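For what it's worth, the numbering used here labels the leading residue of the sequence shown as 14, then goes sequentially. A quick write-up on the structure given underneath.
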Amino acid sequence: MGILLALVPAIGWGIQPLIARKVGGTPANQIVGTGLGALLIGLIIWLIKGSVSGTAFWLSFGAGFLWSLGQVGQYISFTHLGVTRTMPISTGLQIIGTSLIGVLAFGEWPGNTAKLIGAVAILLVIIGVALTAITDHKGQGATSIGYGLSILVPTTIGYWAYGALPKMIHAAGIQLFFPEMLGIFVGSLIYALVRTKGAALGQKETWQNGFIGIVFGISSLAYIFAAQSAGVATAFVITQLNVVVSTLGAMLLLHEGKSHRELRYTLVGLGLIVIGSMMTATL
Numbered sequence: 014m015g016i017l018l019a020l021v022p023a024i025g026w027g028i029q030p031l032i033a034r035k036v037g038g039t040p041a042n043q044i045v046g047t048g049l050g051a052l053l054i055g056l057i058i059w060l061i062k063g064s065v066s067g068t069a070f071w072l073s074f075g076a077g078f079l080w081s082l083g084q085v086g087q088y089i090s091f092t093h094l095g096v097t098r099t100m101p102i103s104t105g106l107q108i109i110g111t112s113l114i115g116v117l118a119f120g121e122w123p124g125n126t127a128k129l130i131g132a133v134a135i136l137l138v139i140i141g142v143a144l145t146a147i148t149d150h151k152g153q154g155a156t157s158i159g160y161g162l163s164i165l166v167p168t169t170i171g172y173w174a175y176g177a178l179p180k181m182i183h184a185a186g187i188q189l190f191f192p193e194m195l196g197i198f199v200g201s202l203i204y205a206l207v208r209t210k211g212a213a214l215g216q217k218e219t220w221q222n223g224f225i226g227i228v229f230g231i232s233s234l235a236y237i238f239a240a241q242s243a244g245v246a247t248a249f250v251i252t253q254l255n256v257v258v259s260t261l262g263a264m265l266l267l268h269e270g271k272s273h274r275e276l277r278y279t280l281v282g283l284g285l286i287v288i289g290s291m292m293t294a295t296l
């Protein structure tokens with residue numbers, strides 16, 4: 014059952030970029046829609062399971078708030094890099110950053126053997142990310158890729174915080190859910206107010222993108238139960254298949270073209286990212 018539950022976020026998180034690109038709208042429309050949908054799921058869980066309070070609430074809220082930073086960075090990058098480049102790079106950066114934070118801040122990977130295996134895993138992920146970023150396009154295409162990376166790389170810090178802050182809280186994951194979703198909504202709202210002076214709130218594309226947030230909320234909820242049932246390591250490894258779903262889905266459904274050389278490097282890169290994430294999860 015745990016493995017089946019883990020397939021929900023693997024598919025759900027994988028199709029989120031595809032929904033965003035199909036629905037369209039600006040990054041402001043997409044992030045506010047995501048926040049609205051996530052808050053809806055969060056409210057339902059709050060009514061059923063309740064929530065943490067005090068410091069735990071605000072740490073969870075902060076994790077969600079910073080996640081919105083990482084997500085808006087992804088949405089902006091989609092317009093410059095496309096889904097097929099953004100998702101492998103973003104996933105790789107998340108694995109690298111989260112792993113290093115776990116080692117340095119929480120004492121994970123104890124022992125020299127574990128650290129050696131972890132270092133090899135991170136190296137594989139780095140190589141995988143580099144391979145997926147290879148392009149045959151020159152000139153303006155290269156400029157667009159450079160700009161996209163300048164947005165994606167620093168905003169990934171938000172994803173790192175989302176993974177790290179809950180580790181400081183001794184509470185059931187389900188009770189952290191509502192403040193995290195509330196933080197996502199508030200973060201998305203502030204972005205829309207700053208970026209569009211609130212105009213995005215009244216645009217239909219924003220509400221249409223609410224489906225992304227619903228998918229995200231359900232997928233995140235499934236991950237909590239999958240980790241409880243199958244273990245964190247197993248659930249994490251399975252959910253990393255989302256990068257395969259999003260990348261291949263973008264090529265098939267969004268028709269993001271790649272040359273034979275780019276496709277070959279992308280497939281090898283995806284394989285290395287998945288292998289690297291599997292190695293870090295077993296330590």
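For each residue, glycine too, the CB sits at the ideal point set by N, CA and C. These figures come from a predicted structure and were not determined experimentally.
| Cα separation between Ile-158 and Asn-255? | C-alpha separation (whole angstroms): 22 angstroms.
| said: For the structure I just gave you, are there three or more beta carbon pairs, one from the region 84-104 and one from the region 166-183, closer than 8 angstroms? | reply: These segments touch.
| task | Just mark Ala-19 as buried or exposed, buried being the case when its beta carbon has 16 or more other beta carbons within 10 Å. | result | Buried: at least 16 other Cβ atoms inside 10 Å.
| Using a Cβ-Cβ cut-off of 6 angstroms (strictly less than) and excluding sequence neighbours within five positions of Gly-15, which residues of its own chain qualify? | Within the same chain, Ala-239, Ser-242, Ala-243 come within 6 angstroms of Gly-15 by CB-CB distance, once the 5 residues on both sides are set aside.
| query | Anyone know if the C-beta pair for Val-21 and Ser-272 falls short of 7 angstroms? | reply | Annotated as distal: Val-21 and Ser-272, with beta-carbon spacing of 7 angstroms or more.
| field | Thr-191 vs Ile-32 beta-carbon contact at 7 angstroms | value | Correcting the residue identity first, residue 191 is Phe in this sequence and not Thr. Against a cut-off of 7 angstroms, the Cβ pair of Ile-32 and Phe-191 comes out as no contact.
| So does the region 61-76 actually touch the region 219-229, counting three or more Cβ pairs closer than 8 angstroms? | No, the region 61-76 is not in contact with the region 219-229.
| field | Val-85 vs Ser-259 beta-carbon contact at 7 angstroms | value | Val-85 is not a Cβ neighbour of Ser-259, given a cutoff of 7 angstroms.
| said: Within 10 Å of its beta-carbon, does Leu-283 have 16 or more other beta-carbons around it, so buried, or fewer, so exposed? | reply: Burial call: buried.
| task | Using 10 angstroms around the beta-carbon of Arg-277, count the other beta-carbons present and answer buried if the total reaches 16, otherwise exposed. | result | It counts as exposed.
| Hey, how far is the Cα of Leu-296 from the Cα of Leu-72? | Those two C-alpha atoms are separated by around 26 angstroms.
| said: What does the Cβ neighbour count give for Leu-285, buried or exposed, with the cut at 16 atoms within 10 Å? | reply: Leu-285 is buried by the Cβ-count criterion.
| request: Whole angstroms is fine: what's the gap from Gly-120's alpha carbon to Ile-135's? | output: Gly-120 and Ile-135 have their alpha carbons spaced roughly 17 angstroms apart.
| query | Under a three-way DSSP split, which group does Ala-132 fall into? | reply | Reduced to three states, the DSSP call for Ala-132 is helix.
| task | Check whether the Cβ atoms of Leu-79 and Ala-174 sit closer than 7 angstroms, and answer yes or no. | result | In this structure, Ala-174 lies closer than 7 angstroms to Leu-79 by Cβ.
| query | Where do the ends of the alpha helix (DSSP H) carrying Pro-30 lie? | reply | Element bounds for Pro-30: 15-36.
| task | On a CA-only basis, which of Val-250, Thr-279, Met-264 is nearest Val-287? Give me that one, please. | result | Of the candidates Val-250, Thr-279, Met-264, Val-250 places its Cα closest to the Cα of Val-287.
| Arg-274: buried (16+ other C-beta within 10 angstroms of its C-beta) or exposed? | Arg-274 comes out exposed.
| Secondary structure at Glu-269, three-state DSSP: helix, strand or coil? | In the three-state reduction of the DSSP assignment, Glu-269 falls in the coil class.
| request: Rounded to whole angstroms, what's the CA-CA distance from Gly-38 to His-93? Just pull it up for me. | output: Cα to Cα, the separation comes out at about 14 angstroms.
| request: From the DSSP output, in three-state form, read off Pro-192 for me. | output: Pro-192 falls in the helix class under three-state DSSP.
| Ser-300 classed as buried or exposed, judged by whether at least 16 other C-beta atoms fall within 10 angstroms | What the structure shows of the chain is the stretch from 14 to 296, and residue 300 is not part of that stretch, so it cannot be assessed.
| Shortest alpha-carbon distance to Ile-108 belongs to which of Arg-98, Gln-87, Ile-139? | Looking from the CA of Ile-108, the closest CA among Arg-98, Gln-87, Ile-139 belongs to Ile-139.
| request: With a 10 Å radius around its C-beta and 16 neighbouring C-beta atoms as the bar for buried, classify Thr-293 as buried or exposed. | output: Looking at its Cβ environment, which holds 16 or more other Cβ atoms inside 10 Å, Thr-293 is buried.
| Tell me which same chain residues have a C-beta within less than 8 angstroms of the C-beta of Gly-196, skipping the five on either side of it? | So the qualifying residues of the chain are Ser-73, Phe-74, Gly-75, Ala-76, Gly-77, Phe-78, Leu-79, Trp-80, Ser-81.
| query | To the nearest angstrom, how far is it from the Cα of Thr-145 to the Cα of Leu-60? | reply | Thr-145 and Leu-60: Cα-Cα distance of roughly 43 angstroms.
| Skipping 5 residues on each side, what residues in its chain have a beta carbon closer than 8 angstroms to that of Ile-114? | Same-chain partners within the cutoff: Trp-173, Gly-176, Ala-177.
| query | Which first and last residues belong to the alpha helix (DSSP H) in which His-93 is found? | reply | Annotation: the continuous alpha helix (DSSP H) that includes His-93 extends over 67-94.
| field | For Gly-200, the nearest candidate out of Tyr-236, Gln-43, Leu-17 (CA to CA) | value | It is Gln-43.
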